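Let me begin by presenting the structure, written as structure tokens, before commenting on it.
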Amino acid sequence: MKIRNIFLLLAISSCFIPAVAQRPDQTHNLNEEDLTELTKRATEKVNEFNRHLSYIATPIKVNSLEEQKNVEATKSRKVKQCLNLFIGKGYEYEDMYGNTQAPVVMEVSSVNRKTKAVSISRPQVRQYLDRMRRNYHRYDRIEITSSDCYIADNSLKEVDDGLYMCVLSYTQFYRGERGDRIAYQDRTDKNVVVYFERTEIDGKVRWLIWLGNISVKQTE
Amino acid sequence: MRRLLLTLVSVLALSAPTHGQSLDDYNMLQYKMEVKQIAEFMERFNLSELPPNLHPDDTLLREKAYLMLFDRELIDRRQEEVRFLVQRLAAEKPRLSFTDTAWCAEAVCRAVLDGKPTRLTLVLRTEHVAGHRFKWVISDARGECLALTPKKSNPGLRINPTDNEVNFLSLHDVTKNEWQNILNYKASGTPLDGLSVFFALVQSGRLKIEYVEELAYHFWKPSYQFTVRDFRRDDFNAGWLISDFTIKKDT
């Protein structure tokens, strides 16, 4: 146990140590400046998604039909904004070769409180958001928060002319409450694919960024 | 050697679980320690990225970095061999890269064949496309559902020695009426490979993969090879870690 404590102390005292070696064998032709910018923007996209998701999922108490309509309208707008973050806006889409690509899939897991068994489903992102909006589990309050995103330095891959992809990891915390008690909570590690498309508008380079499939790595 | 052994013990000691369930109390250190992607495994193996508990000036930096990429239960079971491999790695300083040809992914898949659930294993490897571009390709397929077996076998299920003189007229009957026993007509010594069967079943619309149930990566170097799996546990020693390895005897 003592050794473990020493190790813990070491770990805490030396967080955020910078990398020490350079990596060869690149899978893209982007420079460090582009990489830093893209990583930052990809992280912002994921955070934006999680912010929207939290709003969409959270039940809002209303006192009149008018308020109900306003809430529904706002949630619909948020769902649309959310879908705009995804490639194909959550629908199937045509790639640059004319192939039809499947809609983005969102792996979803939940833990059975009694058996601790984890079940996984794979709805399309549109269905997932709809389910979240309808408060499928009838919780009075839902809280969704996320950790910082992690991206490996070697994660970025060039896949086509001007098209790049990478994977971001983050942890999502979900809590559903009924009355004063926590009816359900879990912590899920997720990986999300991010697409970067390089375009030139008026001679200036612009990057279009979309989210892709999201997988569940671990749920507790 | 004693210091390395102590490090080994330290890695083994990192097994106490934590029970954070909200963003506030969740142990972010544990999240930073976890090897979250295979890309991160490679970064840590190459020492391009260090786990938060290692300092670049550590005199046993390589040894500790490698050790922390092993599943602690594997270390527990095979301490001497792990130590031998770690020392070899520290001496050879090998690098792993997505662009390497000496690694592959092994995916155990849940699938549906003719409407019935089944399971098969696909081996995928990276293939160079052009310039910096790579893609994953399917290089092997295994599974009981890919091992074709005839419904019945007997000496009568054959193409007669005279059939060549009549334009092999029996081929029509063989493929129309004896299609479930077609393997009786195959030349002996020409084994069917699972990959071809897999592609044929998929292209004919009979086989569909539902999802990947288990994933492992195999890396091989001239004198050793190892397997990396995702250890999902509430622990510092978690994520993509070396789950098995072999060292070639003549090295």
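Protein chains in written order, with the numbering used here: chain A, 1 to 220; chain B, 221 to 471.
Just so you know, even glycine gets a beta-carbon here, dropped at the ideal spot from N, CA and C.
In this text the structure is predicted, and so the values were computed from the model without any measurement.
query	result
Residues of the region 266 to 282 of chain B with Cβ closer than 9 angstroms to any Cβ of chain A, in chain order	ASN266, LEU267, SER268, GLU269, LEU270, PRO271, PRO272, ASN273, LEU274, HIS275, PRO276, LEU281
Listed by chain order, chain A residues near B:PHE354 by CB distance under 8 angstroms	THR27, LYS157
Identified DSSP bridge partners for B:ASP360	B:VAL343
Segment limits, beta strand (DSSP E) that includes B:CYS324	323 to 333
3 or more residues per run - each beta strand (DSSP E) lying fully within the region 69 to 148 of chain A	108 to 111, 118 to 121, 141 to 146
Contacts that A:TYR97 makes with chain B (C-beta to C-beta distance below 7 angstroms)	Correct list: empty, because the minimum Cβ distance to chain B is about 13 angstroms.
Where the region 305 to 333 of chain B meets chain A: residues whose CB sits under 7 angstroms from a CB there	SER317, PHE318, THR319
Residue-level contact to chain B via CB, A:ALA152, 8 angstroms cutoff	yes
Pick from B:GLU263, B:LEU249, B:GLU283, B:LYS256 that is closest to B:PRO272, judged by C-alpha positions	B:LEU249
B:GLU433 versus B:LEU340, B:THR279, B:GLY363, B:PHE261, residue with shortest Cα-Cα distance	B:LEU340
Assigned secondary structure, B:MET248 (DSSP; H/G/I helix, E/B strand, else coil)	helix
Buried versus exposed, by CB contacts within 10 Å (16 or more), A:LEU129	buried
Given A:HIS28 as reference, the closest of A:GLU200, A:ASP161, A:TYR174 once Cα atoms are compared	A:ASP161
Distance, A:ARG181 Cα to B:ASP245 Cα	Reliability of the predicted coordinates at B:ASP245 is poor, the pLDDT of 49 falling under 50, and the value obtained from them is presented with this limitation in mind. Taking the straight line joining both Cα atoms gives about 19 angstroms.
Cutoff 8 angstroms: A:ARG122 Cβ touching any chain B Cβ	yes
Closer than 7 angstroms at the beta carbon, the chain B residues around A:GLU220	ASP454
Coarse secondary structure for B:MET253, derived from DSSP in three states	helix
Cβ-Cβ distance between B:ALA259 and A:SER215 below 8 angstroms	no
Extent of the continuous beta strand (DSSP E) to which B:THR410 belongs	Premise fails: B:THR410 is in no beta strand (DSSP E) and is neither H nor E.
Whole-number beta carbon distance between A:LEU85 and A:LYS45, since they are thought to touch under 8 angstroms	6 angstroms
Three-state class that DSSP yields for B:LEU219 in the structure shown	Because chain B spans 221 through 471 in this model, residue 219 of chain B falls outside it and cannot be assessed.
Beta-carbon neighbours of A:VAL104, restricted to chain B and to distances below 7 angstroms	Here the premise fails: no neighbours, minimum Cβ distance about 15 angstroms.
Whole-angstrom distance between B:LEU435 and B:ILE462, CA atom to CA atom	13 angstroms
Bridge-paired residues (DSSP) for B:MET262	Partner(s): none; B:MET262 has no beta bridge.
Chain B within 8 angstroms of A:VAL194, Cβ atoms only	no
C-beta atoms of A:VAL159 and B:ARG297 nearer than 8 angstroms	no
Pick from B:ASP454, B:ASP277, B:VAL306 that is closest to B:MET288, judged by C-alpha positions	B:VAL306
CB-CB length for B:ILE467 against B:PHE304, believed under 8 angstroms	7 angstroms
Contact between the region 313 to 330 of chain B and the region 341 to 348 of chain B (3+ Cβ pairs under 8 angstroms)	yes
Sub-8 angstroms separation of B:GLU283 and B:ALA310 beta-carbons	yes
First through last residue of the beta strand (DSSP E) which encompasses A:GLU48	Not the beta strand (DSSP E): A:GLU48 falls in the alpha helix (DSSP H), residues 32 to 57.
Minimum C-alpha distance to A:ALA57 - residue among A:MET132, A:SER146, A:GLY203	A:MET132
Rounded Cβ spacing between A:TYR174 and A:ILE144 (contact assumed at less than 8 angstroms)	5 angstroms
Cβ pair B:TYR251, A:SER110 closer than 8 angstroms	no
Distance between B:ARG362 and B:GLY414 (C-alpha atoms, nearest Å)	6 angstroms
Contacts that B:MET262 makes with chain A (C-beta to C-beta distance below 8 angstroms)	ALA152, ASN154
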